[in-house]
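Novice:
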Amino acid sequence: MTADPLTTLRARFDAAIAKAFPDEDLGTIDPLITGAKNPQHGDFQANVAMSLGKRLQKKPRDVAQAIVDAIELDDFCDAPEIAGPGFINLRLKTDALGDALGAMRDAGLGVPAPERVQHVVVDLCGVNLAKQMHVGHLRATVIGDAIARLWERLGHTVTRQNHFGDWGLPIAMVTGVLKARRDAGELNIEDLSLADLENAYRLAQLESSRGQAEMRAIKKHQLGPKAEAEWEDEFTQGTAARESARESLVALQEGDPGMREVWERISRVTLDACFDNCRRLNANVTEAATAGESTYRSELGQVVADLESRGVAEESDGALVVRLNEYGIKEPALIRKRDGGFLYATTDLAAIRRRVRGLGAERVIYAVDARQSLHFRQVFAAALKAGYATRADGVEAELSHAAFGMVLGEDGGPFKTRSGDNVKLSDLLDEAVERAEKAVAEKNPDLDADERRAVARAVGIGAIKHADLSNERSRDYVFGFDRMLAFEGNTGPYVQYAVVRTGSMLRKAEERLGVTPDERATILPEAPEERALSLALLRYAGALEQAAMHAEPHRVCTALYEIASSFSSFFASCPALAAEDDATRDSRLALAALTGRVLRDGLGVLGIETPHRM
787 MTADPLTTLR
797 ARFDAAIAKA
807 FPDEDLGTID
817 PLITGAKNPQ
827 HGDFQANVAM
837 SLGKRLQKKP
847 RDVAQAIVDA
857 IELDDFCDAP
867 EIAGPGFINL
877 RLKTDALGDA
887 LGAMRDAGLG
897 VPAPERVQHV
907 VVDLCGVNLA
917 KQMHVGHLRA
927 TVIGDAIARL
937 WERLGHTVTR
947 QNHFGDWGLP
957 IAMVTGVLKA
967 RRDAGELNIE
977 DLSLADLENA
987 YRLAQLESSR
997 GQAEMRAIKK
1007 HQLGPKAEAE
1017 WEDEFTQGTA
1027 ARESARESLV
1037 ALQEGDPGMR
1047 EVWERISRVT
1057 LDACFDNCRR
1067 LNANVTEAAT
1077 AGESTYRSEL
1087 GQVVADLESR
1097 GVAEESDGAL
1107 VVRLNEYGIK
1117 EPALIRKRDG
1127 GFLYATTDLA
1137 AIRRRVRGLG
1147 AERVIYAVDA
1157 RQSLHFRQVF
1167 AAALKAGYAT
1177 RADGVEAELS
1187 HAAFGMVLGE
1197 DGGPFKTRSG
1207 DNVKLSDLLD
1217 EAVERAEKAV
1227 AEKNPDLDAD
1237 ERRAVARAVG
1247 IGAIKHADLS
1257 NERSRDYVFG
1267 FDRMLAFEGN
1277 TGPYVQYAVV
1287 RTGSMLRKAE
1297 ERLGVTPDER
1307 ATILPEAPEE
1317 RALSLALLRY
1327 AGALEQAAMH
1337 AEPHRVCTAL
1347 YEIASSFSSF
1357 FASCPALAAE
1367 DDATRDSRLA
1377 LAALTGRVLR
1387 DGLGVLGIET
1397 PHRM
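Quick note on numbering: the working numbering labels position 333 of the sequence shown as 1119, and the sequence is numbered without any gaps.
1) For E1331, which residues in the same chain have their Cβ closer than 6 Å to its Cβ, ignoring the five residues on either side in sequence?
2) In the DSSP assignment, find the alpha helix (DSSP H) that holds R1028 and state where it starts and stops.
3) Return the chain-ordered list of same chain residues with a C-beta closer than 6 Å to the C-beta of R968, the five sequence neighbours on each side being excluded.
4) Is there contact between the region 902-910 and the region 1297-1314, where contact requires at least three CB pairs shorter than 8 Å?
5) Please tell me whether S995 and G962 are closer than 8 Å, where the distance is taken between their beta carbons.
6) Compare the C-alpha of S1256 against each of A1222, G1275, D1268 and name the closest.
7) Is DSSP giving M787 helix, strand or coil here?
8) Just to confirm my understanding: we take S1030, look at its own chain, exclude 5 residues before and 5 after, and list those with CB closer than 7 Å. What are they?
9) Could you check the C-alpha separation between D1179 and D881 for me, to the nearest Å?
10) Go ahead and pull the three-state DSSP assignment for H1187.
11) One question on the structure: do A1272 and V1245 come within less than 8 Å of each other, judged by their Cβ atoms?
12) Looking at the structure shown, is E867 part of a helix, part of a strand, or coil, going by DSSP?
13) In whole angstroms, what is the alpha-carbon distance linking A1318 and D829?
14) Nearest CA to the CA of E1050: which residue from L964, N1063, D790, A1147?
15) Hey, is the region 926-940 in contact with the region 1102-1119, meaning 3+ C-beta pairs nearer than 8 Å?
16) Taking 8 Å as the CB-CB limit, is A1136 close to chain C?
17) Would you decide whether S1084 is buried or exposed? Buried here means 16 or more other CB atoms lie within 10 Å of its CB.
18) Would you mind working out which of H1252, D1216, V1089 sits nearest Y1174, comparing C-alpha positions?
19) Can you give me the Cβ contacts of T1176 inside the same chain, cut-off strictly under 6 Å, excluding the 5 residues immediately before and after it?
20) DSSP three-state call for E1100: helix, strand or coil?
21) Helix, strand or coil for F1357, going by three-state DSSP, please let me know.
22) If you measure between the beta carbons of V1281 and L1346, is that distance less than 8 Å?
23) Within 10 angstroms of the Cβ of M1335, are there 16 or more other Cβ atoms? Answer buried if so, exposed if not.
24) Taking the CB atoms as reference points, tell me whether A1188 and Y1152 lie closer together than 8 Å.
25) Tell me, please, whether the region 830-848 touches the region 890-897 by the rule of three or more beta-carbon pairs shorter than 8 Å.
26) From M787 to D861, what distance separates their C-alpha atoms?
27) Ordered along the chain, which non-local residues of its own chain (more than five positions away) have a Cβ less than 6 Å from that of R1066?
28) For D855, tell me which candidate among A1295, L792, A1015, A802 has the shortest Cα-Cα distance.
29) Look up Y1263 in the DSSP assignment and give the residues it is bridged to.
30) If you compare alpha carbons, which of G1010, F1021, L940, L1035 is closest to W953?
31) Are there 16 or more other CB atoms within 10 angstroms of the CB of S1373, so buried, or fewer, so exposed?
32) Identify which residue in E1196, F799, C1060 has its Cα closest to the Cα of I857.
33) Relative to the C-alpha of G848, which residue among A1003, G872, G1198 is closest?
34) Can you tell me which of A1358, L1110, S1053 puts its alpha carbon nearest to the alpha carbon of S1162?
35) Sorted by chain position, which residues of the same chain lie with C-beta nearer than 6 Å to K805's C-beta, five sequence neighbours on each side aside?
36) In the structure shown, what three-state DSSP assignment does H942 receive?
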């Protein structure tokens, strides 16, 4: 018996279907086994008879009976029952359920080692130079980190890539402005804060856009020379600012020492703030995992020249494009502008080439918001057409966009401050911890100040992460502190509290009875609550695998909530310390210990800490 009964059941059904219908060329048939919705009907339900009956032109109940007659389940299932039009209900025997739990109590908690280790690259976080991380960066960071942790948990090699927007005309613009101020003695770049940089970036953008929109409107509507004269000074100043930015970019590209010194300082301030936020989020985003767009600058010309020379790219109205009709995409990927400038698609193609050919990735996953879906469809198709997604060994890497929805406010619009500004991520984390500390103080006033603050950090940050990850990735969700910090429902604090209760239960057994839980004790789940908890635990390994394959961390959150909820019922109905005999007591304590291990492991996969007390 493996730790996952579904694996055994699927294998037995495969054999039974082949035996029941030997003259049919059926190929591989999915037995469609799911968890039973009503525990009174069993633990699992096989629905294959309906689809197979239609295929064989037989009554589903007759097909179900033939499968039941052929299947060998006596060693770990009660006699199967046929219900309704042809559902096959299955109930595991108690000792078989205990054996499956026993197989789960190894170091890997029943998660099998991969048959072949893959190299997975996960693109996450994605901060921009001279800008604060805001709530929009929350999802790219925690979803990307959770996806990376999932593949690591399954035993694969993972490389994280924080795509840092540190190159291009806007970057040169703010760099040139700050250098001029530094050279004039108006500022010391060592004293620059990220707020200073963001303000300078905003002002530089405003300066370069002065008079531009107005002059376009004047010409479009033919408002005449008088209107043009009124805006000429503004327009001239904006044009001069843009020209200055282009000169700054050239100087930066050519390695001007003064420009580079200021640019490096801006980068340092931006990344330090980014890494600080990631540490607070318990997201593994580091300097080593960061690849700035500046690191691709020498590769962009090579990429364009390669695509053009091989006929992958072609000229269109002076620009260079990759046509993607054969991939069902009408819009071509633009990789070089008419003026010779490169675009985001150019950089992303260079990144795919580096990640697949250089790093050897077999799978590249981009945790980027859903509004970029067309962009990534184009880039992935262009990479496939160019051969950039093919590794040195000839294996074509799988490219996928783990697209996510928006974080909304209570009003259903984008989550903003009252003044309409983007919510800074650091402010969001501060408020979560403050609110969590109040909640923890109310729930456990005996905690000393240091422990209360530590618990508040784990609970507050965990609540934000769990609220984000528990929603289906592709959907928008409404941000609400009260809901995410609740100690009931599918929330981070609820799952964390379940872990605390497992530890409390085991400590009390040792303190009151002198009994140390024996991890090797036989688990015999007799009561309905014990069976429900056992089955929830046994679904854990499958949930991890499915969450990784589909890049959907919410599957892990769902599995943990089901385990935590089942444990709550077990805790209320199946007392261990007052059990009728030692075997029952030891079984329940071992089940509680296993539950604690699984919940801690799952929260770790999500990057959520588990305090000892709450």
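Glycine included, every Cβ here is placed at the ideal spot set by N, Cα and C.
Given the structure is predicted, the values throughout are model-derived calculations rather than measurements.
Specialist: If we stick to the structure as given:
1) Working through the sequence shown from its first residue, we reach residue 1331 at position 545. Cβ within range, chain order: n/a, list empty.
2) Looking up residue 1028 in the sequence shown gives position 242. 1011-1039 is the extent of the alpha helix (DSSP H) around R1028.
3) For this step, residue 968 is matched to residue 182 along the sequence shown. For R968, where only same-chain residues beyond five positions count, the Cβ hits under 6 Å are I975.
4) no
5) Position 209 of the sequence shown, counted from the start, is the residue given in the question as residue 995. Position 176 of the sequence shown, counted from the start, is the residue given in the question as residue 962. In this structure, G962 does not lie closer than 8 Å to S995 by Cβ.
6) One-based indexing of the sequence shown puts residue 1256 at position 470. The shortest Cα separation from S1256 among A1222, G1275, D1268 belongs to G1275.
7) To locate residue 787, count along the sequence shown from 1; it is residue 1. Since pLDDT at M787 reaches only 47, below the 50 mark, its modelled position is unreliable, and no value is offered.
8) Start at 1 with the first residue of the sequence shown, and residue 1030 comes out as number 244. Cβ within range, chain order: G962.
9) On the sequence shown, position 393 is the one that residue 1179 refers to. On the sequence shown, position 95 is the one that residue 881 refers to. Whole-angstrom Cα-Cα distance: 48 Å.
10) Taking the sequence shown and counting its residues from 1, the one referred to as residue 1187 is at position 401. In the structure shown, H1187 sits in a strand (DSSP, three-state: E or B).
11) Here residue 1272 corresponds to residue number 486 of the sequence shown, with the count starting at 1. Here residue 1245 corresponds to residue number 459 of the sequence shown, with the count starting at 1. Cβ distance not < 8 Å, so A1272 and V1245 don't count as in contact.
12) Position 81 of the sequence shown holds residue 867. Looking at E867 - three-state DSSP - the assignment turns out to be strand.
13) Here residue 1318 corresponds to residue number 532 of the sequence shown, with the count starting at 1. Here residue 829 corresponds to residue number 43 of the sequence shown, with the count starting at 1. About 9 Å.
14) Taking the sequence shown and counting its residues from 1, one reaches residue 1050 at position 264. Of L964, N1063, D790, A1147, the residue nearest in Cα terms is L964.
15) no
16) Judged by its chain identifiers, the structure shown contains no chain C, having just a single protein chain.
17) Mapped onto the sequence shown, residue 1084 falls at position 298. Counting Cβ neighbours within 10 Å, S1084 comes out exposed, since fewer than 16 surround it.
18) Your numbering for residue 1174 matches position 388 in the sequence shown. For Y1174, the nearest C-alpha among the options comes from V1089.
19) On the sequence shown, residue 1176 is found 390 positions in, with the first residue counted as 1. Closer than 6 Å at Cβ, skipping near neighbours: E1182.
20) In the sequence shown, counting from the first residue as 1, residue 1100 sits at position 314. Of the three classes helix, strand and coil, the one that applies to E1100 here is strand, per DSSP.
21) Looking up residue 1357 in the sequence shown gives position 571. Three-state DSSP puts F1357 in a helix.
22) Counted from its first residue, the sequence shown places residue 1281 at position 495. Counted from its first residue, the sequence shown places residue 1346 at position 560. Yes, they are a contact pair.
23) Start at 1 with the first residue of the sequence shown, and residue 1335 comes out as number 549. With fewer than 16 other Cβ atoms within 10 Å, it is exposed.
24) Residue mapping note: residue 1188 aligns to position 402 of the sequence shown, counting from 1. Residue mapping note: residue 1152 aligns to position 366 of the sequence shown, counting from 1. Their beta carbons are under 8 Å apart, which means A1188 touches Y1152 by this criterion.
25) no
26) Position 1 of the sequence shown, counting from 1, holds the residue named residue 787. Position 75 of the sequence shown, counting from 1, holds the residue named residue 861. Confidence at M787 is low in this model, with a pLDDT of 47, below 50, so the placement of that residue should be treated as unreliable; the coordinate-derived value is given next. Whole-angstrom Cα-Cα distance: 10 Å.
27) The residue given as residue 1066 occupies position 280 in the sequence shown. Around R1066: L1215.
28) Numbered from 1 along the sequence shown, position 69 holds the residue referred to as residue 855. Nearest of A1295, L792, A1015, A802 to D855, Cα basis: A802.
29) Residue mapping note: residue 1263 aligns to position 477 of the sequence shown, counting from 1. DSSP lists V1193 as partners of Y1263.
30) As a first step, residue 953 is located in the sequence shown; it is residue number 167 there, counting from the start. Of the listed residues, the one whose Cα sits closest to W953 is L1035.
31) The residue you call residue 1373 lines up with position 587 of the sequence shown. Under this definition S1373 is a buried residue.
32) Taking the first residue of the sequence shown as 1, we reach residue 857 at position 71. Looking at the Cα atoms, F799 is the closest of the given residues.
33) Reading the sequence shown from its first residue, position 62 is the one you call residue 848. Before going further, note that residue 848 is Asp rather than Gly in the sequence given. Minimum Cα distance to D848 is reached at G872.
34) On the sequence shown, residue 1162 is found 376 positions in, with the first residue counted as 1. With the sequence shown as reference, residue 1162 is identified as Phe, and Ser is not the correct amino acid for it. Of the candidates A1358, L1110, S1053, the one whose C-alpha sits nearest the C-alpha of F1162 is L1110.
35) In the sequence shown, the residue the question calls residue 805 occupies position 19. Taken in chain order, the residues that qualify are A856.
36) Start at 1 with the first residue of the sequence shown, and residue 942 comes out as number 156. DSSP places H942 in coil when its eight states are reduced to three.
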